[in-house]
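Scroll down for the structure; my scribbles are underneath it.
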Amino acid sequence: MKNLLLFLFFTMPIWSVNAQKKAKETRPNIIFILTDDQPYDYLSVTGNKVLKTPNIDQLANQGTLFTNAHITSPICMPSRVSMLTSQYERKHGVNFNSGTALSEEGWKTTYPAVMKEAGYFTAYIGKNHTPLGKNGYDSKVMEHAFDYFYAGHRHLGFYPKDRHKIFRGAKNDTQIEILQEASFDVLDNNEFRIKEAFKVMEGRPQDQPFLLNICFNLPHGASTSTMKQKETDDEIYRTLFRDQTLPLPEHYIAKKDIKTPKLPEELLHAEDRQTIYDHVDTPDGARERLTRQYQAMIGIDRLVGNLTEKLKELKLDKNTIIVFSSDHGLLMGQYGLGGKALLYEYCTKVSTIIYDPRLPKKKRVHRNDNLVQSIDIAPTMLAKAGIEIPSAYQGKDVSALLTDENASVRPYVYTENLWSTHFGNPRCEAVQNQEWKYIRYYKNDNFSASKRIEYAKALGLNVNSVLYGMNDKEIPVYRSYVESPLNGEEAVYEELYHLGEDPNELQNLASDAQYKEKLEELRKVWAKEIKMARGEGQPLVERFTKESAFEFKQKHKPIVHD
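Put into structure tokens, the structure is as follows:
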């Protein structure tokens, strides 16, 4: 007995260390692939009749495709910040028109920061659209927040080397292929080393689980509009789909054929729309942009295929979760509209896929119609990694939905657009379940973008600065957008759609007396959901305006000695 006790005394620590080591080794790797402005049906698995995307389809067929997944805000910056923070925009407070950047304190509970703190090797590749720290993008906080950072702030363009110095050492010239290079650099220490990337160390530790974010700026118009069909471009980007007449989206209306606008003209100022979406006005313009978008999706699908093959080659495929989604959808001429920032299904619904190879194949639910949202991705990844979910998160862990089609995490989805600016977009909020959607709009009295451009040119001012630069005085305006509906601001227009019978949102039932009770019911749901979205306390943000940029430059100005 004495010998047994001595044996246990000396061997227990070894067992404990081995158990801890084993637990650490078996934590899953996670790859999060995020596209930009990708409509839900831009995959063959989601119903596209032209596109063939076998590699992304395979992720869906082996994992779970969420057929009722929605973003929180249908515009790039706030949507991406929501994914990082697992918070609605009304809570995190960062948008193009907010005059703010996410603070370093706010960054601490983002999923990359939490996973890094928990021992994950973290990498970020591609497009960053989250201003972080004092003076936002120029603070360099994001560059040093990851173990491996190889990204450009704001748009990349189809040829990222033309816009960002960091990409100029890559072997390839086109965006998708550069992102593949960097992905392989992270995964395989024997691959071509990219010197320009911000790295904590040369080479990923092989015994450390990793988080790899691959963030495209495609099929976004900022990148597809810069495609030049160069001789050096891959054949995909030069000739694919150009030998056929692509079908226009269902419910497409050319500008000249619009008889009744989808929304009242005093609400949506169509003449102030960003010119990047003018292609939707004509069938030829829409088809040319569709061609480029489809080419980009084929390139992305090929990258996904190459990535999964690389995981197999490195024997990482059995323990690597892959998440695929987009920051929002896009209107491509449906109802005669172009762009985003509205709360129709075309803008808010995205193709979200979670593939976890560790789950028993027979238990996997391959298509799940339950309501999920982009803010659910972060808590789900943390749960999969065995990491405690921060109390600041507003999203839900949807892990149960991967194996149980009857499980649900929310009865309603809440979406919002606070990007109400001179580009003509109204503020709006929506609540929906699988059957019904309610949208409410507020007065749109913003100064006209076309007038800003006209006067800026006449005075010789920088048009981009006039259109996109924010001043301190505009911060309170944005805050009023956040708080006013909670303090009694009335809607000036409402929409009610029976999604079960009218999935394309063609028949507004808000003024139909037959549906008065349903309208009242959903108004009450909205009142509850908007309070939930706002949450408690103030947003964790920093000023990010022309004035703060000037102060930052003055503070960091080199001292010149006489």
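Under mature numbering (1 follows the signal peptide of the UniProt record, and there is no 0), the letters of the sequence shown match residues -19 to -1, 1 to 543, in that order.
Where a beta carbon is used, it is the ideal one built from N, C-alpha and C, also for glycine.
From a predicted model like this one, the values you see are computed outputs, not experimental measurements.
With three or more CB-CB distances shorter than 8 Å, the stretch 472 to 492 counts as touching the stretch 420 to 428.
Per DSSP, reduced to three states, the secondary structure at L399 is coil, with no helix or strand assignment.
Distances from the alpha-carbon of V346 to those of Q354, T48, A508 put T48 closest. CA-to-CA, the gap between E532 and V75 works out to about 20 Å.
When rounded, the separation of the alpha-carbon atoms in N445 and A439 is 14 Å.
Going by C-alpha positions, D262 is about 11 Å away from Y316. Taking all protein chains in view, the Cβ of K180 is crowded by 16 or more other Cβ atoms within 10 Å, so the residue is classified as buried. In the structure shown, the three-state DSSP call for H73 is helix. Looking at the backbone, the Cα of S380 and that of N10 are separated by about 16 Å. For E523, same chain residues with a beta-carbon under 7 Å away, outside a window of 5 residues either side, are T81, A82, S84, G114, K115 in chain order.
Assignment of S307 by DSSP, reduced to helix, strand and coil, places it in the strand class.
Note on geometry: alpha-carbon atoms of R144 and E502 lie some 50 Å from one another. Distances from the alpha-carbon of I334 to those of R8, T16, D188 put T16 closest.
With contacts defined as CB atoms closer than 8 Å, Y140 and D154 qualify as a contacting pair. S204 is the residue among H125, L168, S204, N171 whose C-alpha sits nearest the C-alpha of Q156. In this structure, the CA atom of I511 is about 44 Å from the CA atom of F222.
Scanning E386, P371, G450 for the CA closest to the CA of T402 turns up G450. Rounded to the nearest angstrom, the gap between the Cα atoms of A388 and L382 is 6 Å. Boundaries of the beta strand (DSSP E) harbouring R524: 522 to 524, taken from the DSSP string. DSSP places Y275 in the helix class (H, G or I) of the three-state scheme.
Counting along the chain, no beta strand (DSSP E) covers E124, and no H or E run does either.
Contact fails between the stretch 163 to 183 and the stretch 202 to 216, because fewer than three Cβ pairs, one in each stretch, are under 8 Å apart. The bridge partners DSSP lists for Y478 are K418.
Taken in chain order, the whole alpha helix (DSSP H) runs of length 4 or more contained in the stretch 175 to 238 are 202 to 205, 216 to 220. Cβ neighbours of Q68 within its own chain (closer than 6 Å, five residues either side excluded): Q375. Annotation: the continuous beta strand (DSSP E) that includes I14 extends over 10 to 16. For the pair of segments examined, the stretch 49 to 64 was found to touch the stretch 392 to 401: the number of CB pairs separated by less than 8 Å reaches three.
Ranked by Cα distance from E269, the options L288, K293, P230 are led by P230. The secondary-structure analysis by DSSP pairs R348 across a beta bridge with L46. R348 counts as exposed, since fewer than 16 other beta carbons sit within 10 angstroms of its beta carbon. When C-beta atoms of the stretch 448 to 464 are compared with those of the stretch 489 to 504, fewer than three pairs fall below 8 Å, so the two segments do not count as touching. In the DSSP assignment, L160 falls within the unbroken alpha helix (DSSP H) covering 156 to 168. When the alpha-carbon of L340 is set against those of T384, E326, C328, the nearest one is in T384.
Under the three-state reduction of DSSP output, G286 falls in the helix class.
According to the DSSP secondary-structure assignment, G107 is paired through a beta bridge with A132, C196. CA-CA distance, K330 to P539, rounds to 48 Å.
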